[in-house]
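Chemist: Starting off with a structure, shown below.
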Amino acid sequence: MATLASSSALAYGPEARSNEQPSGASDERSVTFTLAAPPHAEGEDGPVLATVVCDGQIVASAELTLSGNARVTVPLDEHIPGPCRVDADVPVRDASTHEVTMTVREDGDPIERTRQYTGDSDPSRRVSTSEFNVAGRAEPVDLAVDITLGRLAADEVGTALRVMTFNIWQGGTLDPTHGAGMGEQNLDELVEFVRREDPDVLFVVETYGAGQRIEDGLNRDRDDGREFTGVQITREPGQDPDRDNLWMFTWLPVEEIYDRISGGGVSSFHFGGARLGLPDGGHVHAFSAWLHHQDSARAHANRAAVEETLDLCRYHSPEEIVATDERNRTRMAMTVLEDRLDTYTGNDGAPVIIGGDFNTLSHLDWNEQSADAFGHGGLVLDWPVTRMFADAGFTDTYRWAYPDAGRYPGSTMDPARGELFAPGRIDYILTRGDDVRVLDSATRTERLPGQQGSALDDRFAFYSDHAAVMTDLVIRGGGPGTESDRYRERVPLADEPVNPDATWPDEPEGIRVPAGELTAVASTEDEFREAGNAVDGDIRSYWHSSTSPVEELPHQITVDMQRVRHLSALRYQPRFNSAPGTILRATLQASRDGSDYTDVAEVDWDRTRLPKDVDLDGVSARYLRLTIERGSGGDLSSAAQLIPYETRSTGPPAEVPGPPSDEPGPPEVPGAPPFTDSQDVVVTTQTFHSDCARGYTEAGTWHPSSLLGHDGSYTRYSNVPDSTATWTPEIPRDGEYDVFVWWPDHPTATNSATYTVDGAGPAEDVTTDPADGMGEWQLLGRWPFEAGTSGDVTLTVGSGYHRTDAVRFRPVQHDPRP
Numbered sequence: 003m004a005t006l007a008s009s010s011a012l013a014y015g016p017e018a019r020s021n022e023q024p025s026g027a028s029d030e031r032s033v034t035f036t037l038a039a040p041p042h043a044e045g046e047d048g049p050v051l052a053t054v055v056c057d058g059q060i061v062a063s064a065e066l067t068l069s070g071n072a073r074v075t076v077p078l079d080e081h082i083p084g085p086c087r088v089d090a091d092v093p094v095r096d097a098s099t100h101e102v103t104m105t106v107r108e109d110g111d112p113i114e115r116t117r118q119y120t121g122d123s124d125p126s127r128r129v130s131t132s133e134f135n136v137a138g139r140a141e142p143v144d145l146a147v148d149i150t151l152g153r154l155a156a157d158e159v160g161t162a163l164r165v166m167t168f169n170i171w172q173g174g175t176l177d178p179t180h181g182a183g184m185g186e187q188n189l190d191e192l193v194e195f196v197r198r199e200d201p202d203v204l205f206v207v208e209t210y211g212a213g214q215r216i217e218d219g220l221n222r223d224r225d226d227g228r229e230f231t232g233v234q235i236t237r238e239p240g241q242d243p244d245r246d247n248l249w250m251f252t253w254l255p256v257e258e259i260y261d262r263i264s265g266g267g268v269s270s271f272h273f274g275g276a277r278l279g280l281p282d283g284g285h286v287h288a289f290s291a292w293l294h295h296q297d298s299a300r301a302h303a304n305r306a307a308v309e310e311t312l313d314l315c316r317y318h319s320p321e322e323i324v325a326t327d328e329r330n331r332t333r334m335a336m337t338v339l340e341d342r343l344d345t346y347t348g349n350d351g352a353p354v355i356i357g358g359d360f361n362t363l364s365h366l367d368w369n370e371q372s373a374d375a376f377g378h379g380g381l382v383l384d385w386p387v388t389r390m391f392a393d394a395g396f397t398d399t400y401r402w403a404y405p406d407a408g409r410y411p412g413s414t415m416d417p418a419r420g421e422l423f424a425p426g427r428i429d430y431i432l433t434r435g436d437d438v439r440v441l442d443s444a445t446r447t448e449r450l451p452g453q454q455g456s457a458l459d460d461r462f463a464f465y466s467d468h469a470a471v472m473t474d475l476v477i478r479g480g481g482p483g484t485e486s487d488r489y490r491e492r493v494p495l496a497d498e499p500v501n502p503d504a505t506w507p508d509e510p511e512g513i514r515v516p517a518g519e520l521t522a523v524a525s526t527e528d529e530f531r532e533a534g535n536a537v538d539g540d541i542r543s544y545w546h547s548s549t550s551p552v553e554e555l556p557h558q559i560t561v562d563m564q565r566v567r568h569l570s571a572l573r574y575q576p577r578f579n580s581a582p583g584t585i586l587r588a589t590l591q592a593s594r595d596g597s598d599y600t601d602v603a604e605v606d607w608d609r610t611r612l613p614k615d616v617d618l619d620g621v622s623a624r625y626l627r628l629t630i631e632r633g634s635g636g637d638l639s640s641a642a643q644l645i646p647y648e649t650r651s652t653g654p655p656a657e658v659p660g661p662p663s664d665e666p667g668p669p670e671v672p673g674a675p676p677f678t679d680s681q682d683v684v685v686t687t688q689t690f691h692s693d694c695a696r697g698y699t700e701a702g703t704w705h706p707s708s709l710l711g712h713d714g715s716y717t718r719y720s721n722v723p724d725s726t727a728t729w730t731p732e733i734p735r736d737g738e739y740d741v742f743v744w745w746p747d748h749p750t751a752t753n754s755a756t757y758t759v760d761g762a763g764p765a766e767d768v769t770t771d772p773a774d775g776m777g778e779w780q781l782l783g784r785w786p787f788e789a790g791t792s793g794d795v796t797l798t799v800g801s802g803y804h805r806t807d808a809v810r811f812r813p814v815q816h817d818p819r820p
């Protein structure tokens, strides 16, 4: 006979409002409870007492049975206190285990989910969700609590497994350029971290020579009778010993290591695995995976999210953002799904587990439900690779456990140096099979407590530029499942939620000093990333310390405000597109004359992309100097913007000449004025017009290049005939213009490039040899252009590699004399 656990609704606090007792609730809000049998398991009739508890108060409850009240709708009050959770008391049956799954939905969207097994070790038989919050909504909210309840024999639950996937970054030895000789220490600490987490199956990416040390670490001081085996997945013919990208580690019997197969863009460098035996005689197919990093999914999404959040011109459309998967990853995913899995598994129906770095974002993270969450910029992005796996029957285990991507972003890039603004979840544990049950999941982004506070932790807050992802599973079959001693000794997996309603910080008090009234110098700067970029008013440009060679900290950057000002604050805006160089610790000094400096603040900043403000109330100065003592990722410093604020406007400054430019200008042309930036119109691959229309467009097939352009801007390349790139200038006035092009310097360039110049007169083709002017401005000729955006210059790809950077339109001044 089944009985409910001894706790009752009254044990929660005030009397529960049930379907029989609406207690004056509004008709506009409701919660619907449902009870069903789980798929592939015997249903339990119940009864189940389900209760919604908000801020310690019961707001709704219902008693459910499969044979009677399987669906109950209960009214809710207009104002729901928060936070909330759902509790479910399930029947107690001797020698039985119940599988309980609860999904909470808000207006149809899942926001919380849990699955637990209740056995003899859990006499209360109570299952609870994590907390969620529906308070503060102006519109009506309908909640749904969907419960499935299955009954199993206590010894027929299955095998509980903890799975981890971890891209350990350069074999666990850090970025060799900025690791400061701490790579071996980092690998030792990483191995200890993995040993402490003690996964049953571990997928490793970027193993690169560390496989044996990880296996030894997993077996060190082990007294439970289990011995881990390392399986080298990447084993290409003739590969260097340190190019063993993929490994897998497990104590489960390795029954077969799958053959190396190449083709379809996928080799053992990218995908492979083994069949692992289970204690009940069954097996699982386990695979380690790495999909190509080009083109960068998260960089495009992050830029768009920043631009939307700050109301800047958008460079990429949603279609262009998700198309980053098309260059390599969709083909690779198709090969895995349509060829490799069938070949390796034989479609035998056994569970499949894939862990790895997919280098792309998830359609489950960028949907309508999460679009308005902080960091998403209102974007809805239907990422094709993850959808391909979902359509093939795979479950994204982290997102199953945390269906609300706004509250649980699960970012896996870059905990060592700092995450980008937009969530960057690119590492996944995927499962498929009727007998797989996901329990919980979590990311790991911090060093073990005993390893924190060291010089290594100061530089790199985690062992890798990827988080470790962990998931607890039950593989249904013989065995006690979560009642096993190994599982019960473990700390449950859980991630902490973030605030999805956070906002970009307001500007500090005071009046922003205009960018045109600021100059800056630095003790170190990279090519094209000079100090002046930090005060130019554009968040998309930045100053960066030298990276070749790297100069040891401390670094200094000094802002000249052109006259003494009464200050209220200084805002530091980190780069939004990369974490290395983010200033973490610095001393701010002020000076009236540029010679005598006084300390005004010591700052310790976090690694986020959000702006950081320094209160300067009462400080009067012309110069502000930041001495950087600690930067993210090593001896690096950077700033997108340093913005002083003054307590009141003090009028225009005296005229200050701008710094001379070292950039080579276009050659002198008879009848033209001396070269000045202010007169010329320059269109790069990143240019926007005043109406946010793009100044540079493409047709056909083009790819991003690692070559930098004339000003450090991004360049592109193509070798696909008839592909075109078009530069459209925003011409300020009618007149004649000399047109110059800048061709990035590279030995594989074509020796014949044809440009079509379409100005105010007939269009004209011009063919040049890029080798005659690589890395400098090359004159195409002189043409008339009308004011506005009616003219353009188009490069059409012929044979060989064609590269694009910038086109310069230089107004011609004719001698007015007769």
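One point on numbering: in our numbering, the residue at position 662 of the sequence shown is 664, and numbering is uninterrupted. C-beta atoms are modelled at their ideal positions from N, C-alpha and C, and glycine is treated no differently. As the structure is a computational prediction, the values presented were derived from the model and not from experiment.
(1) Which of helix, strand or coil does DSSP assign to Val286?
(2) By Cβ distance below 7 Å, which residues in the same chain neighbour Arg531 in space, the five residues on each side in sequence not counted?
(3) Hey, could you find the ends of the beta strand (DSSP E) Pro77 is sitting in?
(4) Should Gln371 go down as buried or exposed, given a rule of 16 or more other Cβ atoms within 10 Å for buried?
(5) Asp584 to Ile630, Cα distance in whole Å?
(6) Could you work out which residue in Arg222, Thr99, Glu208 and Glu44 is closest to Ala470 when comparing CA atoms only?
(7) Would you tell me roughly how many angstroms separate the C-alpha atoms of Arg490 and Asp202, rounded to the nearest one?
(8) Could you tell me which whole beta strand (DSSP E) segments of length 3 or greater appear in the region 690-747?
(9) Taking the beta strand (DSSP E) that Asp474 falls in, what are its first and last residues?
(10) Quick one: residues in its chain with C-beta nearer than 7 Å to the C-beta of Ile82, no 5 flanking neighbours on either side, listed in chain order?
(11) Is it the case that the region 240-260 contacts the region 322-338, given that we only count it when at least three CB pairs across the two stretches are under 8 Å?
(12) Return the CA-CA distance between Arg805 and Val814, expressed in angstroms with no decimal places.
(13) Roughly how many angstroms lie between the CA atoms of Asn579 and Ser640, to the nearest whole one?
(14) Could you tell me whether the Cβ atoms of Asp246 and Gly211 are closer together than 8 Å?
(15) Using DSSP bridges, identify the partner residues of Val165.
(16) Can you check the region 365-414 for any alpha helix (DSSP H) of at least 4 residues that lies completely inside it and give the ranges in chain order?
(17) According to DSSP, is Phe360 part of a helix, a strand, or is it coil?
(18) Below 8 Å between beta carbons: does that hold for Leu151 and Leu51?
(19) Can you check the region 487-545 for any alpha helix (DSSP H) of at least 4 residues that lies completely inside it and give the ranges in chain order?
(20) Using 8 Å as the Cβ pair cut-off and three pairs as the minimum, do the region 547-565 and the region 386-396 touch?
(21) Could you please give the first and the last residue of the uninterrupted beta strand (DSSP E) stretch that includes Glu322?
(22) Just mark Ala146 as buried or exposed, buried being the case when its beta carbon has 16 or more other beta carbons within 10 Å.
(23) Please say whether Ile263 and Ala276 have beta carbons closer to each other than 8 Å?
(24) Secondary structure at Tyr803, three-state DSSP: helix, strand or coil?
(25) Between Thr589 and Arg784, what straight-line distance do the alpha-carbon atoms span, to the nearest angstrom?
(26) To the nearest angstrom, report how far apart Asp682 and Arg810 are at their CA atoms.
(27) Check each candidate in Asp91, Arg197, Asp595 and Thr798 and name the one with the smallest Cα separation from Ile149.
(28) So, Trp744 versus Asp807, is the Cβ gap smaller than 8 Å?
(29) What number of angstroms, rounded off, separates the C-alpha of Thr758 from the C-alpha of Ala765?
(30) Quick one: what does DSSP say Phe271 is sitting in, helix, strand or coil?
(31) Please identify the residue among Asn361, Thr311, Asp416 and Tyr719 whose C-alpha is closest to the C-alpha of Ala294.
(32) Select from Ile541, Ser550 and Glu738 the residue whose C-alpha is nearest the C-alpha of Glu527.
(33) So, with DSSP's three-state summary, where would you put Arg87?
(34) Roughly how many angstroms lie between the CA atoms of Ser270 and Trp292, to the nearest whole one?
(35) Identify which residue in His42, Glu44 and Leu66 has its Cα closest to the Cα of Thr53.
(36) Let me make sure I understand the geometry here. Which of Thr610, Asn535 and Asp615 has the alpha-carbon closest to that of Leu569?
Modeler: If we stick to the structure as given:
(1) Annotated three-state conformation of Val286 is strand, per DSSP.
(2) For Arg531, where only same-chain residues beyond five positions count, the Cβ hits under 7 Å are Tyr544, Trp545, His546 and Gly714.
(3) From DSSP, the beta strand (DSSP E) with Pro77 extends over Arg73 to Leu78.
(4) With 16 or more Cβ atoms within 10 Å of its Cβ, Gln371 is classed as buried.
(5) The sequence shown places Thr at residue 584, not Asp. The straight-line gap from Cα to Cα measures roughly 10 Å.
(6) Closest by C-alpha distance to Ala470, out of Arg222, Thr99, Glu208 and Glu44, is Glu208.
(7) Going by the C-alpha atoms only, they are around 14 Å apart.
(8) Within the region 690-747, the runs of beta strand (DSSP E) that reach at least 3 residues and sit entirely inside it are, in chain order, 698-701, 705-710, 716-720, 726-729 and 737-744.
(9) Secondary structure note for Asp474: its beta strand (DSSP E) is the uninterrupted segment Ala470 to Arg478.
(10) Residues Cys56, Val61, Val136 and Ala137 of the same chain have their beta carbon placed closer than 7 Å to that of Ile82, with the five preceding and five following residues left out of the count.
(11) Flag = no, the region 322-338 and the region 240-260 do not touch.
(12) If you take the alpha carbons of Arg805 and Val814, they lie about 27 Å apart.
(13) For the pair Asn579 and Ser640, the Cα-to-Cα distance works out to about 12 Å.
(14) Contact: yes.
(15) Per the DSSP secondary-structure output, Val165 pairs in a beta bridge with Val203 and Thr473.
(16) Here the runs fully enclosed are 386-393 and 399-403.
(17) Phe360: coil per DSSP, three-state reduction.
(18) In this structure, Leu51 does not lie closer than 8 Å to Leu151 by Cβ.
(19) For the region 487-545, the continuous alpha helix (DSSP H) assignments of 4+ residues that do not extend past its boundaries occur at 487-490, in sequence order.
(20) Counting C-beta pairs with one atom in each stretch, the region 547-565 and the region 386-396 have fewer than three that are closer than 8 Å, which means they do not touch.
(21) Not the beta strand (DSSP E): Glu322 falls in the alpha helix (DSSP H), residues Pro320 to Val324.
(22) By the 10 Å Cβ count, Ala146 comes out buried.
(23) Cβ atoms of Ala276 and Ile263: not closer than 8 Å.
(24) It is a strand residue.
(25) CA-CA distance, Thr589 to Arg784, rounds to 52 Å.
(26) Computed Cα separation, rounded: 7 Å.
(27) The residue with the shortest Cα to Cα distance from Ile149 is Asp91.
(28) Note that the C-beta distance between Trp744 and Asp807 is below 8 Å.
(29) Taking the CA atoms as reference points, Thr758 sits about 7 Å from Ala765.
(30) In the three-state scheme derived from DSSP, where H, G and I count as helix and E and B as strand, Phe271 is classed as coil.
(31) Contrary to the premise, residue 294 reads as His rather than Ala in this sequence. Measuring C-alpha to C-alpha distances from His294 to each of Asn361, Thr311, Asp416 and Tyr719 identifies Asn361 as the nearest.
(32) Glu527 has its Cα closest to that of Ser550, out of Ile541, Ser550 and Glu738.
(33) Secondary structure of Arg87 (DSSP, three-state): strand.
(34) In this model, Ser270 and Trp292 are separated by some 10 Å (Cα to Cα).
(35) Minimum Cα distance to Thr53 is reached at Leu66.
(36) Looking from the CA of Leu569, the closest CA among Thr610, Asn535 and Asp615 belongs to Asp615.
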